[in-house]
Amino acid sequence: MAITEVRWHARAGQGAVTAAKVLAEATMAQGAYVQAFPDYGPERMGAPLRAYNRISDAPLTMHCAVTNPSVVIIVDSSLLDTQDVTEGTPEDALFLVNTSYTPAKAAKKLGRSVDHVYTVDATQISIDCLGRPIPNTPLLGALARISGLVKLDVLLEDLAANLKKKFPEKIVKGNTESVERAYKEVKTK
Amino acid sequence: MGQQVAMTGNIAVANAMRQINPDVCAAYPITPSTEIMQQFSNFVADGDVKTVLVPAESEHSAMSACIGAAAAGGRVMTATSSQGMALMWEMLYIAAGNRLPIVLAMSNRALSAPLNIHGDTSDAMGARDSGWIQFFSENAQEAYDNLIQAIRIAEHMDVRLPAMVGMDGFIISHSIESMTLLDDQAVQDFIGDCITHMPLLDVDNPKTFGPLDLQDYYIEHKRQEYEAMKNAKGVIVEVAKEFTELSGREYGLFEAYALDDAEIAIVALNSAAGTIKTVIDELRSTGVRAGLLKPRVFRPFPAEEIAEALSHVKAVCVMDRADGVNGTGGPLFPEFRSALYDAPKRPLIINRIFGLGGRDLGLHHVRDVYGELQKIAGTGKIETLAGYITVRN
Amino acid sequence: MSRLKSWKEVPMAAVIEDAGNAETYETGGWRTFKPVLDKEKCIHCLTCWISCPDTAIVVKDEKMIGFNFKHCKGCGVCADVCPKKVTAITMEQEGK
Chain A
783 MAITEVRWHA RAGQGAVTAA KVLAEATMAQ GAYVQAFPDY GPERMGAPLR
833 AYNRISDAPL TMHCAVTNPS VVIIVDSSLL DTQDVTEGTP EDALFLVNTS
883 YTPAKAAKKL GRSVDHVYTV DATQISIDCL GRPIPNTPLL GALARISGLV
933 KLDVLLEDLA ANLKKKFPEK IVKGNTESVE RAYKEVKTK
Chain B
436 MGQQVAMTGN IAVANAMRQI NPDVCAAYPI TPSTEIMQQF SNFVADGDVK
486 TVLVPAESEH SAMSACIGAA AAGGRVMTAT SSQGMALMWE MLYIAAGNRL
536 PIVLAMSNRA LSAPLNIHGD TSDAMGARDS GWIQFFSENA QEAYDNLIQA
586 IRIAEHMDVR LPAMVGMDGF IISHSIESMT LLDDQAVQDF IGDCITHMPL
636 LDVDNPKTFG PLDLQDYYIE HKRQEYEAMK NAKGVIVEVA KEFTELSGRE
686 YGLFEAYALD DAEIAIVALN SAAGTIKTVI DELRSTGVRA GLLKPRVFRP
736 FPAEEIAEAL SHVKAVCVMD RADGVNGTGG PLFPEFRSAL YDAPKRPLII
786 NRIFGLGGRD LGLHHVRDVY GELQKIAGTG KIETLAGYIT VRN
Chain C
28 MSRLKSWKEV PMAAVIEDAG NAETYETGGW RTFKPVLDKE KCIHCLTCWI
78 SCPDTAIVVK DEKMIGFNFK HCKGCGVCAD VCPKKVTAIT MEQEGK
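Chains as they are written, first to last, in our numbering: chain A, 783 to 971; chain B, 436 to 828; chain C, 28 to 123.
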């Protein structure tokens, strides 16, 4: 059984829990068994928050915390200075950081090899596409490019289907555009 | 059959309630079960169900309203957690004593103080002697399946007892997981029409509910309740068989995982059982004969069946995610230990209290417990009968 | 005295299946004192009727006409609430 564990670092209110949910649904649509769960505490907007995914090719029975993720997504780059985002990760863990920095600069901050560090300016992309800083959705597009966890077309289809239930066409289109842009713009060394 | 979805335990339970479409729901919100009634309120507002929703001013009132509605002859459901369950406590006994088949969804949570909102089974354990049937669920799928089956079991004429269905707060209630929803119509066909008994709304045949019952009759009615709980065992198995035909998923009084040839075994409720299964698979691949007994029901307590399932094991650890604070172990421990008292062969049994207030039970903790059980099985000696794990010493 | 029922025979949840069966339960034998009505004095204010815990005051056409001695326990509430200027109801010892 191959299990991929993902950890999201964000601030409460940045949509990391929703992103973990969308990732779960999209990977489930590809036939995977999934889990998505945050660390719940007092809900305070702006407080550092962690959320997790488990994605597996066989049914998942474990319900313990994710302690050694192989994929880490940092939704807010200011957390690089205040949170131990590398905690418990193996040396070859993949880091995706929402920042305008180059991967080399982000890797230096992380203290990791630039081989496994990717950056994308998801905040700018979401401002361009949606008029608001909601970086979680474009980050999923970047993740699709670098991890192979989810295919771009499946992600776009699942995202559109979900958003259509609640939002007008314009917002649905803005979201899918932001995913496609991040997929193209994600930077590697 | 059914629809593959990814949803939280709470949303899965709310969907079970939507498909059950009860006559009345009276509730008061409390973390972590709030989302159940929040989502269900949406279903009511959207006209997806015909339920009368009663937003009560407390859990005591919510359960009181459920009792009234059930006595009137309605199919009645509610949801709660922790302090809410504690505040319902007085009324739980009245629901059971009046033999009203109310079904309660519970996101299990620790009790104050200190204030904590996370998952443990202290709330359910406080209600273990109230006369309610108690189900426990490993994951969202089981919580959903148990809730649907609970309707049939509670309303069965040989039972007529209320039932609560638990799942771990946050760990399951707020985690998104893969699961399957049954078709709406399939659920309706499975549960059938509400089976009423002497309903108050049968105005042509007026009845008096809840009269005074003194030394001359109180014990006779309690003896009846005892019989009903005994009957529940058979009904639970019977309903589970029918449910398997519908869903393909098997249920019983407990789940025996890799237990048949096990030398060492753990007993654990709810989500911990899933984590334990992962470790069992790991240990089995290295030749260690580890197993698990996961109770699905704690009330009725299937003592004979448990004794049969565990008597061949050399060493057992009963794991409690609640402490009875009696100084000698958690609430499951004495019951499992006494169930084995009359067995011709019985294992050495220890108790470990773990994960209170949502403290994580990691794979390494479970490995340690099995390691200790191997030692006990080898030496025949118990060093610590009851104690805490997952705690900083 | 009737035989008490076993746990297998009693109705579930102690539900009383013949609601209002207090009517067939005669409490008249409990009296040591009984109320006596002086019809001349009664002003039919019906304070006794509203106060009687056993609905044993018999009223016809809005007039107090006497007592239901099958159920009257002789508690004396009727005599007590009868206006002092009227005192149409007085208590007398039973069997005297």
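Virtual Cβ for every residue (Gly too), placed ideally from N, Cα, C.
Assuming residue i is part of the beta strand (DSSP E), what are its boundary residues?
| i | result |
| --- | --- |
| His791/A | Ile785 to Arg793 |
| Cys109/C | That residue, Cys109/C, is in no beta strand (DSSP E); it is neither H nor E in DSSP. |
| Asn944/A | Taken as a continuous stretch (DSSP letters only), Asn944/A belongs to no beta strand (DSSP E), being part of the alpha helix (DSSP H) at Leu934 to Lys946. |
| Asn835/A | Pro830 to Ser838 |
| Thr515/B | Val511 to Thr515 |
| Phe570/B | Ile568 to Ser572 |
| Gly601/B | Ala598 to Asp603 |
| Ala562/B | Counting along the chain, Ala562/B falls outside any beta strand (DSSP E), and DSSP gives it neither H nor E. |
| Lys815/A | Sequence check: residue 815/A is Tyr here, not Lys. Tyr815/A -> beta strand (DSSP E) spans Tyr815 to Pro820. |
| Ser613/B | Ile611 to Leu616 |
| Glu491/B | What sits at residue 491/B in the sequence shown is Ala, not Glu. No beta strand (DSSP E) contains Ala491/B, which DSSP labels as neither H nor E. |
| Glu119/C | Ile116 to Gln120 |
For the alpha helix (DSSP H) that residue i lies in, which residues bound it at each end?
| i | result |
| --- | --- |
| Ala750/B | Premise fails: Ala750/B lies in the beta strand (DSSP E), Ala750 to Asp755, not in any alpha helix (DSSP H). |
| Ser908/A | Ala904 to Leu912 |
| Val804/B | Leu798 to Thr814 |
| Val448/B | Gly444 to Ile455 |
| Asn477/B | Thr469 to Ala480 |
| Pro920/A | Asn918 to Ser929 |
| Glu577/B | Ala575 to Glu590 |
| Asn957/A | Glu951 to Glu967 |
From residue i to residue j, what does the alpha carbon distance come to, in whole angstroms?
| i | j | result |
| --- | --- | --- |
| Glu698/B | Glu743/B | 14 angstroms |
| Ala667/B | His898/A | 57 angstroms |
| Arg453/B | Val484/B | 6 angstroms |
| Leu718/B | Ile837/A | 22 angstroms |
| Ile502/B | Ala814/A | 43 angstroms |
| Ile811/B | Leu767/B | 20 angstroms |
| Arg30/C | Glu655/B | 14 angstroms |
| Val459/B | Gln473/B | 15 angstroms |
| Gly482/B | Glu44/C | 37 angstroms |
| Met523/B | Met810/A | 39 angstroms |
| His761/B | Ser493/B | In the sequence under discussion, the amino acid at residue 761/B is Asn, which differs from the His named in the question. Their Cα atoms are separated by approximately 30 angstroms. |
| Pro915/A | Gln906/A | 7 angstroms |
| Val108/C | Leu647/B | 29 angstroms |
| Arg724/B | Pro737/B | 24 angstroms |
| Val732/B | Arg563/B | 11 angstroms |
| Glu739/B | His791/A | 49 angstroms |
Return the chain-ordered list of same chain residues with a C-beta closer than 8 angstroms to the C-beta of residue i, the five sequence neighbours on each side being excluded.
| i | result |
| --- | --- |
| Leu925/A | Leu805, Val853, Ile855, Leu878, Leu931 and Val932 |
| Thr819/B | Ile785 |
| Leu921/A | Ala801, Ile855, Val857, Leu878, Asn880, Val902, Ala904 and Ala964 |
| Cys846/A | none |
| His495/B | Leu522, Met523, Glu525 and Met526 |
| His632/B | Arg534, Met592 and Arg595 |
Can you name, in chain order, every residue of its own chain whose Cβ lies under 6 angstroms from the Cβ of residue i, other than the five neighbours on each side?
| i | result |
| --- | --- |
| Asp758/B | Gly765 and Ile788 |
| Leu808/B | Ile699, Ala750 and Cys752 |
| Ala491/B | Ala461, Tyr463, Ala497 and Ala500 |
| Tyr834/A | Arg789, Phe819 and Val848 |
| Pro735/B | Met664, Ala667 and Lys668 |
Could you check which residue in the options has the C-alpha nearest to that of residue i?
| i | options | result |
| --- | --- | --- |
| Leu876/A | Glu939/A, Ala889/A and Tyr815/A | Ala889/A |
| Ala778/B | Asp803/B, Met754/B and His747/B | His747/B |
| Ala115/C | Val63/C, Val85/C and Asn48/C | Val63/C |
| Asp555/B | Gly813/B, Gly815/B, Tyr776/B and Leu796/B | Leu796/B |
| Ala663/B | Ser542/B, Ala559/B, Ala531/B and His632/B | Ala531/B |
| Gly823/A | Leu550/B, Ala521/B and Cys460/B | Leu550/B |
| Leu582/B | Tyr661/B, Thr631/B, Met512/B and Ala545/B | Met512/B |
| Phe570/B | Leu539/B, Val826/B and His495/B | Leu539/B |
| Val670/B | Leu596/B, Met614/B, Val600/B and Ala707/B | Leu596/B |
| Glu873/A | Gln906/A, Gly893/A, Gln865/A and Glu807/A | Gly893/A |
| Ala821/B | Met520/B, Thr763/B and Ala708/B | Thr763/B |
| Lys112/C | Ile70/C, Asp88/C, Lys61/C and Val37/C | Ile70/C |
| Ala548/B | Lys816/B, Thr814/B and Leu791/B | Leu791/B |
Skipping 5 residues on each side, what residues in its chain have a beta carbon closer than 7 angstroms to that of residue i?
| i | result |
| --- | --- |
| Glu590/B | Pro536, Cys629 and Ile630 |
| Val961/A | Thr919, Pro920, Leu922, Gly923, Leu937, Leu938 and Leu941 |
| Ile529/B | Ile502 |
| Ala840/A | Met783 and Tyr815 |
| Ser78/C | Val104, Cys105 and Val108 |
| Lys712/B | Tyr692 and Leu727 |
Can you pull the chain E neighbours of residue i, defined as C-beta to C-beta under 7 angstroms?
| i | result |
| --- | --- |
| Thr958/A | The chain labelled as chain E is not found among the protein chains of the depicted structure, namely A, B and C. |
Ranges of the alpha helix (DSSP H) found wholly within the stretch 681-767 of chain B, counting only runs of at least 4: 707-719 and 738-745
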